[in-house]
Amino acid sequence: MGASERAHQHLLLNFTDMGEYAASGSRVIVRGDGCEVIDSDGRRYIDGLSGLFCSNLGHAYGDEIGAAAHRQLATLPFAPTWSLAHPPAIELADLLVERAAPLGMQRVFFANSGSEAVESAYKLIRQWHEANGEPQRTKAIARRLAYHGTTLGALSFTGLESCRSPFEPMAVSTSHLSPTYAYRHRAGEDPEDFTAALLEEAEDAITFAGPERVAMLIAEPVQNGGGAFVPPPGYWSGLRALCDRYGIVLVADETITAYGRVGEWFASSIFDGRPDIITFAKGVTAGHAPLGGVLMTERMAAPFITGGHTFMHGHTWSGHPLATAIASTVLRIYEREQVFENVRDLAPRFAAGLQELRRIPLVGDVRGMGFFWALELVKDRETKGAFSSDEADWLLRQELSGHMDELGLLCRLDDRGEPVIQLSPPLVSDAALLDRIVDIVGTATERAWHAWSGEAAPSSVGVLPTIRSRNPEAGAA
Ligand SMILES: Cc1ncc(COP(=O)(O)O)c(C=O)c1O
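Its first residue numbered 1047, the sequence shown is counted upward by one per residue in this note's numbering.
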């Protein structure tokens, strides 16, 4: 029995229609090579989404990182970080805080994923408010279309209807604001008006929730859900001011954006957000081990360090020696190989290539920064006419996924909001690879346009992992 058949026997995949997985040939990825991955049939694909925004170093440093992992396993395979500590967790905490110190971060709590990081942040904030005599601060403010994870606490902040509805009512009472989705916002054409409108909406939501009952406001510096929404100038400093005014803790969820995705250690440093807490995961190990965490200012840590309170939360694997040893090695590789400099050097070229794809009538908007981009597809560029959910399904799954597959690019085709092509290549990609990605996206989108507009429709040759919903939040912003 081949790998594809075996994959279908006992595995239940994440967010995957298993029938569709079987029908599309049950792809199994068996090897990574540089910025490409290879499936069990020997077909190569550009890893255009870095796995899931994780493989920032591509698939080239396994030997070096593996040697560090081996040294750690030979020394101390496991010790918890409950009531004691161990060297790899201490070392990684030092490295992380050194790099986050310009943002005022002084301490880190380790978790194992983005969801756990977000949920840990919320629980820490609840206890922090309680320690400060405000136990009634339990509500959260988040944004529509944003993904903050799937555990029941984190899911409350996730603003995607399709992820939430099977599990309602939500654990945490949360209001969802418009994301920084300029393309479809009534004030989106003027950055100043746009910022003012978003901040007014945020203040209204806080007032409506009861300012003394709101615990935290959580947002990604550049929001992934809906497709790489970059904030307008003044937005993050405005959020900071609102949080200060109403005693709310500001959380930057940097699960994707931290560790180089936009060319800096943290995207928060670009937008002057000054969060109280930064959540991180994915890029901290560049996908070589599961690890997430919560960075916090000394003010947030104080009740638990000098205030006589214990953070009543933890996970067995929190700060696992293997994962933390791997993360420290990864951070050193980022620096040694000047990986973030590579992003800063090549981002303008990547951006220009993608922007040029506006020549294709299907491409309504191209947005993003660093190596974090999305193309929004529209029926009619003049009116920004949106596809119905069936049309979007056809466009992404019948058309684009087949072309991307044939042309050898893994990316995300997402229609939980408007249909978008999401791109997040490894941060070590060179100019030639970025150009190839742009070419493939251009060719695939042109083919889809021909099929849509009634010209010769190229045949589909397979299906890539797409994220789909029959219940998209079209025009949510
Ligand atoms: C911004 C953000 N927060 C949280 C999460 C949840 O992370 P995980 O899948 O590791 O639980 C994700 C996952 O993609 C994310 O993008």
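For glycine and all other residues, C-beta sits at the position ideal for the given N, C-alpha and C.
Residue i, DSSP secondary structure in three states
| i | result |
| --- | --- |
| Trp-1128 | coil |
| Glu-1422 | strand |
| Val-1487 | helix |
| Ala-1115 | helix |
| Leu-1263 | strand |
| Arg-1145 | helix |
| Val-1466 | strand |
| Thr-1220 | strand |
| Tyr-1229 | helix |
| Ala-1274 | coil |
| Leu-1455 | strand |
| His-1194 | coil |
| Val-1389 | helix |
| Gly-1414 | strand |
| Glu-988 | Only positions 1047 to 1523 of the chain appear in the structure, and residue 988 is not among them; the question remains open. |
| Phe-1156 | strand |
| Met-1450 | helix |
| Ile-1092 | strand |
| Ile-1136 | helix |
| Ile-1075 | strand |
| Gly-1150 | coil |
| Asp-1461 | coil |
| Gly-1399 | helix |
| Gly-1431 | strand |
| Ala-1502 | Only weak support exists for where Ala-1502 lies, its pLDDT of 48 falling under 50; the value from the coordinates is given anyway. Here Ala-1502 sits in coil by DSSP. |
| Ser-1050 | helix |
| Leu-1058 | coil |
| Leu-1179 | Going by the sequence as given, residue 1179 is Gly instead of Leu. Note: Gly-1179 maps to coil in three-state DSSP. |
| Cys-1209 | helix |
| Ser-1283 | helix |
| Asp-1481 | helix |
Same chain, Cβ closer than 7 Å to residue i, neighbours up to 5 away in sequence not counted
| i | result |
| --- | --- |
| Glu-1310 | Ile-1316, Phe-1386 |
| Glu-1247 | Leu-1223, Ser-1224 |
| Tyr-1107 | Ile-1379 |
| Ser-1314 | Leu-1149, Pro-1267, Ala-1298, Glu-1300, Pro-1321, Ile-1324 |
| Glu-1082 | Arg-1090, Tyr-1091, Ile-1092, Asp-1093 |
| Phe-1240 | Ala-1228, His-1231, Ala-1233, Gly-1234, Pro-1278 |
| Glu-1249 | Leu-1288 |
| Pro-1336 | Asn-1158, Ser-1159, Ala-1369 |
| Leu-1141 | Ser-1374, Leu-1377 |
| Ala-1502 | Bear in mind that the predicted position of Ala-1502 carries a pLDDT of just 48, short of 50, making it too unreliable to give a figure here. |
| Gly-1306 | Asn-1102, Gly-1329, Tyr-1380, Val-1385, Phe-1386, Val-1389, Leu-1473 |
| Ser-1161 | Gly-1195, Thr-1196, Thr-1197, Ala-1200 |
| Gly-1360 | Trp-1128 |
Beta-bridge pairing of residue i - partner residues as DSSP gives them
| i | result |
| --- | --- |
| Glu-1165 | Answer by DSSP bridge pairing: none, since Glu-1165 is not bridged. |
| Lys-1185 | Val-1260 |
| His-1524 | Outside the displayed span of the chain (1047 to 1523) sits residue 1524, for which this structure offers no information. |
| Met-1064 | Met-1064 is not bridged to any residue. |
| Gln-1269 | Phe-1275 |
| Val-1409 | Leu-1423 |
| Val-1295 | Met-1262 |
Same chain, Cβ closer than 6 Å to residue i, five either side skipped, listed in chain order
| i | result |
| --- | --- |
| Arg-1320 | Arg-1286 |
| Leu-1469 | Gly-1094, Trp-1419, Cys-1457 |
| Phe-1099 | Ile-1302, Lys-1328, Ser-1470 |
| Glu-1428 | none |
| Phe-1396 | Leu-1480 |
| Ala-1053 | Ser-1072, Val-1074 |
| Ile-1171 | Ala-1261, Met-1262, Val-1295 |
When the options are compared against residue i, the one with the closest alpha-carbon
| i | options | result |
| --- | --- | --- |
| Leu-1392 | Leu-1473, His-1132, Ala-1369 | Leu-1473 |
| Gly-1414 | Leu-1400, Lys-1425, Arg-1090, Arg-1405 | Leu-1400 |
| Ala-1347 | Asp-1236, Ser-1208, Glu-1402, Ala-1167 | Ala-1167 |
| Glu-1383 | Glu-1344, Leu-1453, Ser-1475 | Ser-1475 |
| Met-1262 | Val-1295, Phe-1254, Asn-1388, Leu-1421 | Val-1295 |
| Ala-1490 | Gly-1339, Met-1047, Ile-1406, Gly-1284 | Ile-1406 |
| Phe-1275 | Leu-1421, Gly-1333, Gly-1104, Tyr-1305 | Leu-1421 |
| Met-1047 | Glu-1066, Arg-1404, Ser-1086 | Ser-1086 |
| Ala-1265 | Thr-1253, Gly-1431, Tyr-1281, Ala-1398 | Tyr-1281 |
| Tyr-1193 | Glu-1165, Lys-1169, Gly-1179 | Glu-1165 |
| Gly-1008 | Gly-1104, Ser-1070, Asn-1060 | Residue coverage of the chain in this structure runs from 1047 to 1523, which leaves residue 1008 outside it and unanswerable. |
| Pro-1257 | Phe-1417, Glu-1180, Ile-1084 | Glu-1180 |
| Met-1358 | Leu-1130, Leu-1138, Trp-1174, Ser-1096 | Trp-1174 |
Within-8 Å CB hit, residue i to chain D
| i | result |
| --- | --- |
| Met-1346 | Note that chain D does not occur in the displayed structure, where there is just one protein chain. |
Close-in-space but distant-in-sequence residues of the same chain around residue i (CB under 8 Å, 5 per side omitted)
| i | result |
| --- | --- |
| Arg-1259 | Gln-1182, Arg-1183, Thr-1184, Lys-1185 |
| Phe-1213 | Leu-1198, Leu-1201 |
| Gly-1431 | Val-1424, Lys-1425 |
Checklist entry - Quick one: complete alpha helix (DSSP H) runs, 4+ long, within the region 1297-1385? => result Runs of the alpha helix (DSSP H) inside the region 1297-1385: 1314-1317, 1344-1351, 1367-1382.
Checklist entry - Which parts of the region 1234-1261 are runs of the alpha helix (DSSP H), unbroken and 4 residues or longer, counting only runs that do not cross its ends? => result 1237-1255
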